[in-house]
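Trainee: Under my numbering, residue 148 is the last one in the sequence shown; the count climbs by one each step, no gaps.
Where a beta carbon is used, it is the ideal one built from N, C-alpha and C, also for glycine.
The structure displayed is predicted, hence computed values, not measured ones.
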Amino acid sequence: MNRVEPYEHRVQYYETDKMGITHHSNYVRWMEEARVDFLSRIGWDFDKLEASGVASPVISIDVKYKGSTVFPEVITISVSILALKGVRLTLGYEMKNASGKVVCQAQSEHCFVNGEGRPIRLERECPHFYEALSELMASQ
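1. Whose CA, out of Leu90, Val71, Ala59 and Ser107, lies closest to the CA of Asn122?
2. For Val44, collect the residues of the same chain with a Cβ closer than 7 angstroms to its Cβ; drop the 5 residues on either side in sequence, then sort them by chain order.
3. Cα-Cα, which of Tyr73, Arg37 and Ser142 is closest to Lys109?
4. Compare the C-alpha of Ala106 against each of Val78, Arg126, Glu13 and Asn34 and name the closest.
5. What residue range is occupied by the uninterrupted beta strand (DSSP E) comprising Glu16?
6. Report buried or exposed for Val4, applying the criterion of at least 16 other Cβ atoms within 10 angstroms of its Cβ.
7. Between the segment 112-120 and the segment 83-103, can you find at least three pairs of beta-carbon atoms closer than 8 angstroms?
8. Suppose contacts are defined by Cβ-Cβ distances below 8 angstroms. Is Ile67 in contact with Tyr15 by that definition?
9. At 3 residues or longer, and completely inside the segment 73-137: list those beta strand (DSSP E) runs for me, N to C.
10. Which of the three DSSP states is assigned to Ser60 in this structure?
11. If I measure Cβ to Cβ from Gly90 and keep anything under 7 angstroms in the same chain, skipping five residues before and after, which residues do I get?
12. Can you tell me whether Asp45 is helix, strand or coil according to DSSP?
13. Give every residue of the same chain whose Cβ lies closer than 6 angstroms to the Cβ of Asn34, excluding the five residues on either side of it in the sequence, and list them in chain order.
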């Protein structure tokens with residue numbers, strides 16, 4: 009599987025603070041938007057994943073702010089798979105403005121659980137999704 013195209017987000021006016029820059033909390037929201045888009049682009053919409061009995065809650069987030077963004081900039085968010093081990097998945101995010109400057113770098117760590125909230129090994133419980141993630145990680 010080839011590299012997944014980046015997600016684009018246009019900064020909204022309501023996402024800015026009194027100083028006219030994007031409030032820091034919005035970057036985490038953009039990570040989720042990009043993650044949902046990323047899964048969709050590899051054929052695993054959230055609906056499909058949940059229908060297969062798998063949920064993937066966030067267990068940690070690490071965000072490094074490198075620059076400011078403002079309304080109405082378009083931010084390009086690239087998502088990559090950093091690690092896929094047992095019940096955990098680590099994703100990396102790189103956000104760039106229109107001039108290509110990195111404005112944020114982040115990681116999110118997720119676990120995989122079943123409908124009862126119990127941890128599952130993705131390779132065993134949802135092998136097609138595991139294969140899609142593994143192939144993409146190998147091609148990055």
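Mentor: Judging by the given coordinates:
1. Position 114 of the sequence shown, counted from the start, is the residue given in the question as residue 122. Of the candidates Leu90, Val71, Ala59 and Ser107, the one whose C-alpha sits nearest the C-alpha of Asn122 is Ala59.
2. For the purposes of this step, residue 44 is taken as the residue at position 36 of the sequence shown. So the list reads Phe54, once near-sequence residues are dropped.
3. Residue mapping note: residue 109 aligns to position 101 of the sequence shown, counting from 1. Here the closest residue by C-alpha is Tyr73.
4. The residue labelled residue 106 in the question sits at position 98 within the sequence shown. Per the Cα distances, Val78.
5. Position 8 of the sequence shown holds residue 16. Counting along the chain, the beta strand (DSSP E) containing Glu16 begins and ends at Tyr15 to Arg18.
6. Here the chain covers residues 9 to 148 and nothing more, so residue 4 does not appear.
7. yes
8. Reading the sequence shown from its first residue, position 59 is the one you call residue 67. Reading the sequence shown from its first residue, position 7 is the one you call residue 15. Result no, Cβ atoms of Ile67 and Tyr15 do not sit closer than 8 angstroms.
9. Correct list: 82-93, 96-104 and 110-119.
10. One-based indexing of the sequence shown puts residue 60 at position 52. Correct three-state label for Ser60: coil.
11. Position 82 of the sequence shown holds residue 90. Residue identity differs from the one stated: residue 90 is Leu in this sequence, not Gly. Cβ within range, chain order: Thr98, Leu99, Gly100 and Gln115.
12. Within the sequence shown, residue 45 is the residue found at index 37, counting from 1. Here Asp45 carries a helix assignment [DSSP, helix/strand/coil].
13. Here residue 34 refers to the residue found at position 26 when the sequence shown is read from its first residue. Taking C-beta separations shorter than 6 angstroms and ignoring five residues to either side along the sequence, the partners of Asn34 in its chain run Glu23, following chain order.
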